[in-house]
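Residues -25 to -1, 1 to 178 in mature numbering (1 follows the signal peptide of the UniProt record, and there is no 0) are what the sequence shown spells out, letter by letter. For every residue, glycine included, the Cβ atom is placed at its ideal position computed from N, Cα and C. Remarks on the structure that follows.
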Amino acid sequence: MHPINSKCVLFLLLRLYLFQGLVPALKHGDWGCYESTVLMEYVDDISEKKLLPQDPKEKAHSRLWADHISRNIVPTFYRYLQAQEAEKQAEYGKEFEKQVNTLLEAADPKGPFFTGTKLSFVDVMVAPWILRCPRVLQPYRGWQPPAEDSRFGRFIAALEGDDSVKATTSDDELYLDSYERYAENRPNTSQVAKAINEGRGLP
Ligand SMILES: N[C@@H](CCC(=O)N[C@@H](CS)C(=O)NCC(=O)O)C(=O)O
């Protein structure tokens, strides 16, 4: 592609995404892209240390469960947090727990991570939502931590103790502040909140 054309394409891509107002988006040299799963795969492709398994079937297994996170865990997290009636909060709280357990049933039984002893692709995809359990769901929705020796309890401890996860985790105040508007289901809060309220798929 002619350099001027590639710059135009990049500009349009970033403009388009900035216009949509969603993160994450990535600019790498003269190229840019968005959508968290796509970006995760791109970063894995250009990294020496791989997070996705190299065996094609194991790789497909990880992709399948990364899809479960986007399709089920993330929307249920928001439904649980945005629900205002106690009955709905209880219903979505159970649904959220069910979706996390479904993921963990597909994981390596010993773990503590999804594919075994090392942090992998699926762990990185789900970590932000698991970290938000004690930081957001517990204060706003009374989420209860699982038993420490359960598969979920060991999974949380492993994620919380991982150096890469720690290096990319904000302080508790920022989580509380950022998610207050979702917990109160304030109107015109975000595109994600609007999609949940309208029963649509997430952007
Ligand atoms: N499908 C997109 C969704 C991105 C997304 O929902 N981003 C949220 C932050 S985690 C956002 O930008 N929210 C702003 C809004 O809802 O207006 C992805 O996976 O990258």
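Closer than 6 Å to a non-hydrogen atom of ligand 1 - does that hold for the CB of Leu(-4)? It does: the Cβ of Leu(-4) is within 6 Å (strictly closer) of some heavy atom of ligand 1.
Using C-beta distances below 7 Å, list every residue in its chain close to Leu79, excluding the 5 sequence neighbours before and after it, in chain order. Cβ neighbours of Leu79 beyond the five flanking positions: Arg126, Phe127, Phe130.
Cβ of Gln57 within 6 Å of any heavy atom in ligand 1? No, ligand 1 has no heavy atom inside 6 Å of this Cβ.
According to DSSP, is Trp118 helix, strand or coil? Shown here, Trp118 sits in coil according to DSSP, grouped into three states, outside any helix or strand.
Inter-residue Cα distance where the pair is Thr77 and Arg46: Cα-Cα distance, rounded: 13 Å.
Any heavy atom of ligand 1 within a distance shorter than 6 Å of the CB on Ser165? For ligand 1, at least one heavy atom lies less than 6 Å from the Cβ of Ser165.
Just how far apart, CA to CA, sit Leu56 and Pro121? Looking at the two C-alpha atoms, the distance is approximately 18 Å.
Counted within 10 angstroms of its Cβ, other Cβ atoms place Gln166 as buried (16 or more) or exposed: Exposed: under 16 other Cβ atoms inside 10 Å.
Given a cut-off of 7 Å on the beta-carbon distance, is the pair Val111 and Tyr150 in contact? Inclusion of Val111 and Tyr150 in the CB contact set at 7 Å is warranted, their separation being smaller than that value.
Under 7 Å Cβ to Cβ from Gly(-5), same chain only, skipping five residues before and after it: list those, please. Cβ within range, chain order: Gln166.
Of the listed residues Pro103, Val75, Lys69, nearest to Asp146 (C-alpha basis): By alpha-carbon distance to Asp146, the top candidate from Pro103, Val75, Lys69 is Pro103.
Flag Ser95 as yes when its Cβ comes closer than 6 Å to any non-hydrogen atom of ligand 1, and as no otherwise. Not under cutoff, so the answer is no.
C-alpha distance - Arg161 paired with Gly68, whole-angstrom precision: In a straight line, the C-alpha of Arg161 is about 20 Å away from that of Gly68.
Residue environment, Pro87, which counts as buried when at least 16 other CB atoms sit within 10 Å: Of the other Cβ atoms in all chains shown, 16 or more fall within 10 Å of the Cβ of Pro87; this residue is therefore buried.
Excluding the 5 residues preceding and the 5 following Asp42 in the sequence, name in chain order all residues of the same chain whose CB lies nearer than 8 Å to its CB. Cβ within range, chain order: Thr12.
For Ala58, I'd like the list of residues in its chain whose CB is within less than 6 Å of its CB, leaving aside the five on either flank, ordered along the chain. Excluding sequence positions up to five before and after Ala58, its CB lies within less than 6 Å of the CB of Gln64, Tyr67, all in the same chain and listed in chain order.
Is Glu173 near ligand 1, going by C-beta to nearest heavy atom under 6 Å? No, Cβ of Glu173 sits at least 6 Å from all heavy atoms of ligand 1.
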